[in-house]
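Using the working numbering, read the sequence shown as starting at 22 and increasing by one per residue.
From the three backbone atoms N, C-alpha and C, an ideal C-beta is built for every residue, glycine too.
First the structure, in the form of structure tokens, and then the observations on it.
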Amino acid sequence: MVGRDAIVHFLTVDFPRMFVADVTVDFRGFSADGDVVVVEETMQATPANGNVYRNDYCLVFELRDGLIHRVREYMDTANGHRMMFGDS
Numbered sequence: 022m023v024g025r026d027a028i029v030h031f032l033t034v035d036f037p038r039m040f041v042a043d044v045t046v047d048f049r050g051f052s053a054d055g056d057v058v059v060v061e062e063t064m065q066a067t068p069a070n071g072n073v074y075r076n077d078y079c080l081v082f083e084l085r086d087g088l089i090h091r092v093r094e095y096m097d098t099a100n101g102h103r104m105m106f107g108d109s
């Protein structure tokens, strides 16, 4: 996603359709160095397919002029795919 409008659309429209209940985020660690902040978290939720979703994330925030300029998100994509779509 690039740009504020795309991110807002994902968070307000797409995310609630993908994860329909029980969304929780357990923050596991924070690190900061200058204008870079790293956040480690585990997200759990119930996706629209009724499966159990649990995945670890690492987010790297780059700040510019006190605002978030860029976010990079890392996760276990194979694990996420399996929980969202099964073993196919």
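Measuring CB to CB, does residue i end up less than 8 Å from residue j?
{"i": "D43", "j": "T63", "result": "no"}
{"i": "D56", "j": "R38", "result": "no"}
{"i": "P68", "j": "M96", "result": "no"}
Relative to the C-alpha of residue i, which residue among the options is closest?
{"i": "E94", "options": "G107, V58 and F40", "result": "V58"}
{"i": "G107", "options": "G87, N70 and C79", "result": "N70"}
{"i": "R103", "options": "V92, F82 and Y74", "result": "Y74"}
{"i": "G101", "options": "N72, G24, V34 and V41", "result": "N72"}
What are the residues that DSSP puts in a beta bridge with residue i?
{"i": "R93", "result": "V81"}
{"i": "R25", "result": "R25 pairs with nothing; no bridge assigned."}
{"i": "T98", "result": "Per DSSP, none; premise fails for T98."}
{"i": "F40", "result": "P68"}
{"i": "L88", "result": "R85"}
Leaving out five residues before and five after residue i in sequence, what residues of the same chain have Cβ atoms less than 8 Å from its Cβ?
{"i": "V92", "result": "L80, V81, F82 and E83"}
{"i": "A53", "result": "V59"}
{"i": "F40", "result": "A66, T67, P68, A69 and Y74"}
Does residue i pass the burial test, meaning 16 or more other C-beta atoms within 10 Å, or should it be called exposed?
{"i": "A66", "result": "buried"}
If I measure Cβ to Cβ from residue i and keep anything under 6 Å in the same chain, skipping five residues before and after, which residues do I get?
{"i": "D47", "result": "T63"}
{"i": "G50", "result": "E61"}
{"i": "T45", "result": "Q65"}
Take residue i and list the residues in its own chain whose beta-carbon comes closer than 7 Å to its own, dropping the five residues that flank it on each side.
{"i": "M22", "result": "I28 and F31"}
{"i": "S99", "result": "Here residue 99 is Ala; the residue named in the question, Ser, does not match the sequence. Excluding residues within five positions, none has a Cβ falling inside 7 Å."}
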